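Anchor point for the sequence shown: position 52 equals 298 in our numbering, and the numbering is continuous, going up by one each time. Note that the Cβ used here is the ideal one computed from N, Cα and C, for glycine as well. Please read these numbers as outputs of a predicted model, since none were measured by experiment.
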Amino acid sequence: MADGFVPPPYPYDRLDRLAKLCADHEGGIVDLSIGTPCDPPPPAVITALASSNTERGYPPSIGTVGLRSAIRRWIDRRFGIDVGLDQLAACIGTKEFVATTPQYLKLRDPSRDTVLYPAVAYPTYEMGAILAGCRPVAVPMAADGGIDLSAIDPADAARALMLWVNSPSNPTGALSDLDAAAAWGRSHGVPVFSDECYVEFTWDGPPRTILETGLDGVVAVHSLSKRSNLAGLRVGFYAGDAELVTYLREVRKHVGMLVPGPAQAAGEAALADDDHVRVQRDRYLHRLERMAHVLGTWSGLPIALPAGGFYLWFDASDGWAFAERLATEGGALVSPGDFYGGGGANNVRVAVVQPDHLLDQVALRLGVH
Ligand SMILES: Cc1ncc(COP(=O)(O)O)c(C=O)c1O
Numbered sequence: 247m248a249d250g251f252v253p254p255p256y257p258y259d260r261l262d263r264l265a266k267l268c269a270d271h272e273g274g275i276v277d278l279s280i281g282t283p284c285d286p287p288p289p290a291v292i293t294a295l296a297s298s299n300t301e302r303g304y305p306p307s308i309g310t311v312g313l314r315s316a317i318r319r320w321i322d323r324r325f326g327i328d329v330g331l332d333q334l335a336a337c338i339g340t341k342e343f344v345a346t347t348p349q350y351l352k353l354r355d356p357s358r359d360t361v362l363y364p365a366v367a368y369p370t371y372e373m374g375a376i377l378a379g380c381r382p383v384a385v386p387m388a389a390d391g392g393i394d395l396s397a398i399d400p401a402d403a404a405r406a407l408m409l410w411v412n413s414p415s416n417p418t419g420a421l422s423d424l425d426a427a428a429a430w431g432r433s434h435g436v437p438v439f440s441d442e443c444y445v446e447f448t449w450d451g452p453p454r455t456i457l458e459t460g461l462d463g464v465v466a467v468h469s470l471s472k473r474s475n476l477a478g479l480r481v482g483f484y485a486g487d488a489e490l491v492t493y494l495r496e497v498r499k500h501v502g503m504l505v506p507g508p509a510q511a512a513g514e515a516a517l518a519d520d521d522h523v524r525v526q527r528d529r530y531l532h533r534l535e536r537m538a539h540v541l542g543t544w545s546g547l548p549i550a551l552p553a554g555g556f557y558l559w560f561d562a563s564d565g566w567a568f569a570e571r572l573a574t575e576g577g578a579l580v581s582p583g584d585f586y587g588g589g590g591a592n593n594v595r596v597a598v599v600q601p602d603h604l605l606d607q608v609a610l611r612l613g614v615h
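So this is what it looks like as structure tokens:
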């Protein structure tokens, strides 16, 4: 057999054994491992999905004018920034964008070969680098759960195609200093890609985007998966630097990266509405507080609320041991922290993506009220 790339086991597939322990409980598993929404999207989205009449023809890869205008209006409403329709575009959810962008950047600048990303992070930043044949270089974390820009080796910076930041962070929940990240990127000539897909769930202070620092040299990446409970729809978008966005728009047309027309229409409807996001924020905050109390009382560990996002992230000494104990005693499946990098191995990530009655069931099993 050729000595080439072998995909590593998909992180969540490694949870099969613990999932079986959970399934043994009466009432079954309560899955708090994957950050997949369980709450309904707004009804107008479903109506738009079924009635756009866009099934027959090919949809525009960059996004319809309707979708791009809705994105533009949302960025303006949320952050007070006007981004032209030619400086933003659609993607098929953001995972594919994260996984494929390094290879396109490498083709554009073959003299560089390095992708910088937070050491404790969503695993796809590293995977995108690997799939591009690039060097993935993890940037150490600062004590507050953001990245430590000062720890980047100048030799790596000189080879870098891009720096990923993620604020609010999955899994740590920390908010990054986006001003510092943008300034670092501009001073080193490295584009900064800011994954902001949890921005609507910012708890400490106002939601922030890297676009507030100006559009040059930065690209903000957003998703409707979390904002509007539409992970099944596959709609995301990116916005920022004119040259980078133009380049990515063109190359992605050639690849055939197309958000289906009905999904574009539905995304447009979702972005036009903010009320459902307010409702969802309340749900997540309530569940975060509830599970911090339940798991903290049961384990005796200090469990703080995150600054953003819908994950609890805490030091449990040994992430796998904690996950196994919780599966055995509470029938709840959570993610051991090593899914997000070796530096997370002591930790556990709990996604509060199940309805309250299932969280109550976990509390009951653990004997916490
Ligand atoms: C940090 C981060 N970025 C991107 C994604 C991808 O989301 P989607 O592809 O649904 O837009 C996720 C999903 O969990 C995530 O946690």
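When we look at the beta-carbon of glutamate 514 and count the other beta-carbons within 10 Å, is it buried (16 or more) or exposed?
buried
Could you name the residues of the same chain whose beta carbon sits closer than 8 Å to that of alanine 420, not counting the 5 residues immediately before and after it, in chain order?
Asp390, Gly391, Gly392, Ser413, Pro414, Pro552, Ala553, Gly554
Proximal residues to alanine 550 (C-beta, below 6 Å), its chain only, five neighbours per side dropped
none
Using a Cβ-Cβ cutoff of less than 8 Å, which residues in the same chain neighbour tyrosine 493 once the five nearest sequence positions on both sides are dropped?
Tyr350, Arg354
Quick one: residues with CB closer than 6 Å to any heavy atom of ligand 1, in chain order, please.
Gly281, Gly339, Thr340, Lys341, Val344, Tyr368, Asn412, Asn416, Asp441, Cys443, Ser469, Ser471, Ala477, Gly482
Spatially closest choice to alanine 488 from Val481, Glu496, Gly482, by CA coordinates:
Glu496
Mapping the DSSP letters down to three states, classify glycine 486 as helix, strand or coil.
strand
With histidine 434 as the anchor, note down where its beta strand (DSSP E) starts and where it stops.
Not the beta strand (DSSP E): histidine 434 falls in the alpha helix (DSSP H), residues 424-434.
Inter-residue spacing [alpha-carbon to alpha-carbon] between glutamine 510 and glycine 281:
If I take the Cα positions, the gap works out to 23 Å.
Since alanine 426 and valine 438 should fall inside the 8 Å C-beta cutoff, what is the C-beta to C-beta distance between them, to a whole number of angstroms?
10 Å between Cβ atoms; not a contact.
Please report the distance separating the alpha-carbon of glycine 374 from that of alanine 562.
29 Å
As assigned by DSSP and simplified to three states, the class of alanine 406
DSSP places alanine 406 in strand when its eight states are reduced to three.
Around the C-beta of leucine 610, are 16 or more other C-beta atoms found within 10 angstroms, so that it is buried, or is it exposed?
Counting Cβ neighbours within 10 Å, leucine 610 comes out exposed, since fewer than 16 surround it.
What are the boundary residues of the beta strand (DSSP E) that includes tryptophan 544?
Counting along the chain, tryptophan 544 falls outside any beta strand (DSSP E), though it belongs to the alpha helix (DSSP H) covering 521-545.
Leaving out five residues before and five after arginine 454 in sequence, what residues of the same chain have Cβ atoms less than 6 Å from its Cβ?
Leu424
Residue of Val608, Ile338, Thr293, Arg318 minimising C-alpha distance to proline 305:
Ile338
Going by C-alpha to C-alpha distance, which of Thr346, Ser307, Gly577 sits closest to glycine 502?
Measuring from the Cα of glycine 502, the nearest candidate turns out to be Ser307.
Nearest residue (CA-CA) to glutamate 446, options Ala573, Ser279, Tyr530:
Tyr530
Taking all protein chains shown into account, decide if serine 279 is buried (16 or more other Cβ within 10 angstroms of its Cβ) or exposed.
buried
Does the beta-carbon distance from arginine 536 to proline 417 come in below 7 Å?
Contact: no.
Which one or two residues does DSSP pair with aspartate 390 in a beta bridge?
Note: aspartate 390 sits in no beta bridge, so no partner.
Member of Leu579, Arg571, Leu331, Gly565 whose CA lies at the smallest distance from the CA of glycine 590:
Gly565
Proline 364 vs valine 385 beta-carbon contact at 7 Å
yes
Using CA atoms only, rank isn't needed, just tell me which of Leu504, Phe585, Phe560 is closest to glutamate 301.
Leu504
Would you say proline 253 lies against chain B (beta-carbon separation less than 7 Å)?
Looking for chain B here will not work: only one protein chain is present.
Suppose only complete runs of 4+ residues qualify. What are the alpha helix (DSSP H) ranges in the stretch 457-505, listed by chain order?
The stretch 457-505 contains these whole alpha helix (DSSP H) runs: 470-473, 488-501.
Within 7 Å, strictly: CB atoms of proline 283 and asparagine 475
yes
Counting only the same chain and skipping the five closest in sequence on each side, list residues whose C-beta sits under 6 Å from that of leucine 295.
Counting only Cβ-Cβ distances below 6 Å, and skipping sequence neighbours, we find Pro508, Ala512.
Starting from the Cα of lysine 352, find the closest Cα among Ile456, Gly451, Ile376 and give me that residue.
Ile376
How many Å lie between histidine 434 and glutamate 372 at the Cα?
One C-alpha to the other measures close to 21 Å.
In this structure, does DSSP put leucine 610 in helix, strand or coil?
When secondary structure is reduced to three states using DSSP, leucine 610 falls in the helix class.
Work out the CA separation of leucine 534 and tyrosine 557 for me, nearest whole Å.
7 Å
Beta bridge counterpart(s) of phenylalanine 595 as assigned by DSSP
Strictly speaking, residue 595 in this sequence is arginine, with phenylalanine absent from that position. Arginine 595 pairs with Trp559, Ser581.
Does the separation of the CB atoms of serine 440 and valine 481 fall below 7 Å?
In this structure, serine 440 keeps its C-beta atom at 7 Å or more from the C-beta atom of valine 481.
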